[in-house]
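Student: The following block contains the structure, expressed as structure tokens.
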Amino acid sequence: MHEHPLRPRRDGRVPSRTERRCDRRRGLNTIPTPSSTVEFAASRGPLVVKIGGALLESAEAHGEAFDGLVSLHAAHRAQGGGGIVLVHGGGAQVDRQLKLVGIETPRIEGIRVTSREAIDQVVGVLAGSAHVRLLGILAARGARVVGLTLSDGGLCACRHTTRYAFDAGEVGEITGGDGAVAHTLLAGGFMPVVNSIGLSANGDPLNVNADEAACAIARIVGASGIVLLTDVAGVLDAHKQLIRELDAARIEVLIADGTISGGMIPKVRGALEAAAQAGCPATIASWRDPAAIAKGMGGTRILAPLAEPSRR
Numbered sequence: 005m006h007e008h009p010l011r012p013r014r015d016g017r018v019p020s021r022t023e024r025r026c027d028r029r030r031g032l033n034t035i036p037t038p039s040s041t042v043e044f045a046a047s048r049g050p051l052v053v054k055i056g057g058a059l060l061e062s063a064e065a066h067g068e069a070f071d072g073l074v075s076l077h078a079a080h081r082a083q084g085g086g087g088i089v090l091v092h093g094g095g096a097q098v099d100r101q102l103k104l105v106g107i108e109t110p111r112i113e114g115i116r117v118t119s120r121e122a123i124d125q126v127v128g129v130l131a132g133s134a135h136v137r138l139l140g141i142l143a144a145r146g147a148r149v150v151g152l153t154l155s156d157g158g159l160c161a162c163r164h165t166t167r168y169a170f171d172a173g174e175v176g177e178i179t180g181g182d183g184a185v186a187h188t189l190l191a192g193g194f195m196p197v198v199n200s201i202g203l204s205a206n207g208d209p210l211n212v213n214a215d216e217a218a219c220a221i222a223r224i225v226g227a228s229g230i231v232l233l234t235d236v237a238g239v240l241d242a243h244k245q246l247i248r249e250l251d252a253a254r255i256e257v258l259i260a261d262g263t264i265s266g267g268m269i270p271k272v273r274g275a276l277e278a279a280a281q282a283g284c285p286a287t288i289a290s291w292r293d294p295a296a297i298a299k300g301m302g303g304t305r306i307l308a309p310l311a312e313p314s315r316r
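Here the numbering used here is used: the first residue of the sequence shown is 5, the next is one more, and so on.
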């Protein structure tokens with residue numbers, strides 16, 4: 005993974021153009037302040053974008069969102085960022101298929117408990133029908149797309165998850181990987197489109213939470229930023245107002261009081277983990293605003309804990 009050292013401005017100022025040039029000469033990336041525009045395209049490294057099944061469910065009505073993604077990919081490439089790696093889920097489509105065949109899969113803490121009976125159906129949707137449909141939508145808009153599972157080209161190494169207190173069944177977690185396949189595709193002008201199906205060391209299919217997959221891929225490819233696109237504007241407070249920024253402590257408070265619940269829990273925790281471990285901004289934003297998508301703006305910005313400065 006490519007490392008991108010970061011140095012935030014502790015006084016809250018937006019750094020000047022001269023300061024940014026000096027930072028670049030020293031190999032540093034300046035973290036934008038909350039009041040500044042998050043210009044992903046100006047950063048080195050690809051941008052990882054995750055979309056969910058809600059957008060795929062209403063693709064015809066929200067074609068502008070896909071136009072925005074294609075525009076973002078082109079702009080990011082043109083400005084030297086490399087382009088985007090698109091990761092997708094498909095929970096709504098999986099729910100419909102499981103209901104059709106009469107299989108129940110409860111959710112605990114926003115995670116789908118996936119039985120051996122259910123995994124084939126999940127694979128058929130996420131790596132099959134939903135995946136191919138998304139490739140077609142993007143290709144029709146001029147994107148040069150290449151579809152991948154998590155394990156293709158060694159992108160992600162997966163195993164059965166051990167992170168939950170409950171038995172999640174055929175649910176996987178990512179333990180590492182190699183970003184070479186993604187970088188090779190991006191260098192050729194392609195947009196990698198990755199579904200959330202992985203393989204264990206024994207070759208067994210695993211259902212990986214798509215938000216967690218996107219965050220892991222951001223670490224693996226050395227992303228300049230990660231955007232989790234949802235059907236809401238970002239994380240909302242108790243009054244349904246957008247929260248512009250969250251840090252680790254505030255996230256846990258809002259989970260404890262129920263403000264953040266359900267599927268938003270792994271989103272914010274995954275985004276925080278991505279920001280901390282990948283060293284890049286993590287934003288939860290809405291696909292309903294194509295202009296914001298194309299500019300890489302908006303949503304709730306998840307702040308990583310700052311490293312303690314060394315004492316001399």
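We put the beta carbon where it would ideally sit given N, CA and C, even for glycine.
In this text the structure is predicted, and so the values were computed from the model without any measurement.
Relative to the C-alpha of R111, which residue among D241, V98, V185 is closest?
Tutor: Checked all of D241, V98, V185; the closest Cα to R111 is V98.
Student: Starting from the Cα of M195, find the closest Cα among T234, G146, E256 and give me that residue.
Tutor: Residue G146 is the option with its Cα nearest to M195.
Student: Is V117 helix, strand or coil by DSSP?
Tutor: V117: coil per DSSP, three-state reduction.
Student: With a floor of 4 residues, list each alpha helix (DSSP H) that falls wholly inside the region 127 to 153, ordered by position along the chain.
Tutor: Listed in chain order, the complete alpha helix (DSSP H) runs (minimum 4 residues) inside the region 127 to 153 are 134 to 143.
Student: Which word fits S265, buried or exposed, when buried means at least 16 other C-beta atoms lie within 10 angstroms of its C-beta?
Tutor: Classification for S265: exposed.
Student: Whole-angstrom Cβ separation of I297 and A69, contact assumed at under 8 angstroms?
Tutor: Contact flag correct, Cβ pair sits at about 6 angstroms.
Student: How many Å lie between E108 and A237 at the Cα?
Tutor: Those two C-alpha atoms are separated by around 30 angstroms.
Student: Would you check if the distance between the CB atom of S228 and the CB atom of A217 is smaller than 9 angstroms?
Tutor: No, Cβ-Cβ distance for S228 and A217 is not below 9 angstroms.
Student: Mapping DSSP to helix, strand and coil, what is V239?
Tutor: Looking at V239 - three-state DSSP - the assignment turns out to be coil, as it is neither helix nor strand.
Student: Give the single residue among L73, V89, N206, G84 whose Cα lies nearest to the Cα of A184.
Tutor: Per the Cα distances, V89.
Student: Could you pull out every residue in the same chain whose Cβ sits closer than 7 angstroms to the Cβ of L189, ignoring the five residues on either side in sequence?
Tutor: Only V150, P196 meet the Cβ criterion.
Student: Is C219 helix, strand or coil by DSSP?
Tutor: If DSSP states are grouped into helix, strand and coil, C219 belongs with the helices.
Student: Just to confirm, is the Cβ distance from A214 to G93 under 9 angstroms?
Tutor: Yes, Cβ-Cβ distance for A214 and G93 is below 9 angstroms.
Student: Where do the ends of the alpha helix (DSSP H) carrying R48 lie?
Tutor: It is not in any alpha helix (DSSP H) - R48 carries neither H nor E in the DSSP assignment.
Student: Helix, strand or coil for L233 per DSSP?
Tutor: If DSSP states are grouped into helix, strand and coil, L233 belongs with the strands.
Student: With a threshold of 16 other CB atoms inside 10 Å of the CB of K54, please say whether the residue is buried or exposed.
Tutor: That one is buried.
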